[in-house]
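Enquirer: Just so you know, we're using the UniProt record's numbering here: the sequence shown kicks off at 1 and counts up by one.
In this text, a Cβ means the ideal position worked out from N, Cα and C, and glycines have one as well.
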Amino acid sequence: MTLAELATISGKGGLYKVLAPTKSGVILESLDETKTKLVANANHRLSLLNEISIYTTTKEGTVALEGVLKKIHTEYGTDPGVDNNADGTELKAFLKSVLPEFDESRVYVSDIKKLIKWYELIQKFAPEILTAAETSTEEKAAS
Numbered sequence: 001m002t003l004a005e006l007a008t009i010s011g012k013g014g015l016y017k018v019l020a021p022t023k024s025g026v027i028l029e030s031l032d033e034t035k036t037k038l039v040a041n042a043n044h045r046l047s048l049l050n051e052i053s054i055y056t057t058t059k060e061g062t063v064a065l066e067g068v069l070k071k072i073h074t075e076y077g078t079d080p081g082v083d084n085n086a087d088g089t090e091l092k093a094f095l096k097s098v099l100p101e102f103d104e105s106r107v108y109v110s111d112i113k114k115l116i117k118w119y120e121l122i123q124k125f126a127p128e129i130l131t132a133a134e135t136s137t138e139e140k141a142a143s
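#1: Quick check on this structure: which residue in Gly-61, Glu-60 and Leu-65 has the alpha carbon closest to the alpha carbon of Thr-8?
#2: Between the alpha carbons of Ala-142 and Ile-129, how many angstroms are there, rounded?
#3: Kindly provide the ranges of any alpha helix (DSSP H) runs that are 4 or more residues long and lie completely inside the region 52-134, ordered along the chain.
#4: Opposite Ser-10 in the DSSP bridges: which residues?
#5: Three-state secondary structure (DSSP) at Ala-40?
#6: Taking the alpha carbon of Tyr-55 as the point to measure from, which residue in Phe-125, Pro-127 and Leu-115 has its own alpha carbon closest?
#7: Could you tell me if Leu-31 is buried or exposed, where buried requires 16 or more neighbouring beta carbons within 10 angstroms of its beta carbon?
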């Protein structure tokens, strides 16, 4: 699985796996124990995770979500040491430890909470996304 196969819907918590396109939208399955299926149409604000970035103060202006998730995995492994119910100061300190150049004026505490929630869901239900780069790096080193 890749981030291109995972989506989020504005107004609905959690992540969804994209199963198949339909004439008027896409069929999604929740990325949790319930495996609830739904059809997202044009009325839903759907975003694929591979299209999401985090604002930074660098010249580029953003960093891809995939890079941030993999950096969290590299630095913290299965336990990021903070949960999405922590206070804003702690959440900002966590993101600053992972991405020191994040733009504090444009990245809200609610965004950091989503990032942590998504990381936990991906860690639990699609860990291959976080380890894909490590595997390809190890294969190149072995060659």
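Expert: So, from the data block:
#1: For the purposes of this step, residue 8 is taken as the residue at position 8 of the sequence shown. Among Gly-61, Glu-60 and Leu-65, the Cα nearest to that of Thr-8 belongs to Leu-65.
#2: Locating residue 142 in the sequence shown gives position 142, counting from the first residue. Locating residue 129 in the sequence shown gives position 129, counting from the first residue. Low confidence applies here, because Ala-142 scores a pLDDT of 48, under 50, leaving its location unreliable and the question unanswered by this model.
#3: DSSP assignment within the region 52-134 yields the following whole alpha helix (DSSP H) runs of 4 residues or more, N-terminal first: 65-76, 88-98 and 109-125.
#4: Numbered from 1 along the sequence shown, position 10 holds the residue referred to as residue 10. When DSSP reads this structure, Ser-10 sits in no beta bridge, so it has no partner.
#5: Looking up residue 40 in the sequence shown gives position 40. Three-state DSSP puts Ala-40 in a strand.
#6: As a position in the sequence shown, residue 55 is number 55, starting the count at 1. The residue with the shortest Cα to Cα distance from Tyr-55 is Leu-115.
#7: Residue numbering aside, residue 31 sits at position 31 when the sequence shown is read from its first letter. By the Cβ neighbour-count rule, Leu-31 is buried, with 16 or more other Cβ atoms within 10 Å of its own.
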